[in-house]
Amino acid sequence: QVQLVESGGGLVQAGGSLRLSCAASGRTFSSYAMGWFRHAPGKERERIAVINWSGAYTNYADSVKGRFSISRDNVKNMVYLQMSSLEPDDTAVYYCAAGAGTTQFDSWGQGTQVTVSS
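The numbering of the sequence shown is the working numbering, which starts it at 27 and goes up by one.
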């Protein structure tokens with residue numbers, strides 16, 4: 027498995043932007059699909075963005091499409107989530123995950139809190 031550490035969360039006003047980062051350990055990072063999930067109080071965990079091992083394939087939840095962008099750097103063992111036009115409903119703990127495919131995630135980070143004020 028790969029170890030994941032998220033960073034970049036914080037408090038931002040509605041309409042603002044944040045970039046989340048996820049640092050991965052392990053020499054096989056480039057073989058993993060990566061994803062960003064979020065979990066808000068009272069709601070189910072939501073898969074919001076995934077990217078395949080090469081970065082050639084990405085997929086987004088409808089709730090963030092056009093506002094969020096996932097990317098990865100296989101040299102630096104990093105995956106990013108650029109978030110723009112943030113809304114109060116984006117408030118959640120955001121998790122980075124790794125897996126064998128874009129629908130299979132079995133390694134998780136500890137999460138980073140994103141709070142969007144109105």
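Don't be surprised by glycine CBs; every beta carbon is placed ideally from N, CA and C.
On the DSSP bridge assignment, give the partners of residue 143 in chain order. 39
Starting from residue 55, follow the beta strand (DSSP E) in both directions and report where the run begins and ends. No beta strand (DSSP E) contains residue 55, which DSSP labels as neither H nor E.
Let me check one thing: in DSSP terms, what residues is residue 30 bridge-paired to? 50.
Taking residue 42 and residue 107 to be in contact with their CB atoms under 8 angstroms, please state how far apart those CB atoms are, rounded to whole angstroms. The Cβ separation is near 14 angstroms, so there is no contact.
Contact check, residue 133 vs residue 100, beta carbons under 9 angstroms: no
Rounded to whole angstroms, how far is the Cβ of residue 65 from the Cβ of residue 71, which I believe are closer than 8 angstroms? Right, the Cβ-Cβ distance comes to about 4 angstroms (below 8 angstroms), so this counts as a contact.
Which term fits residue 161, buried or exposed, when burial requires 16 or more other beta carbons within 10 angstroms of its beta carbon? In this structure the chain extends from 27 to 144, so residue 161 is not present and cannot be described.
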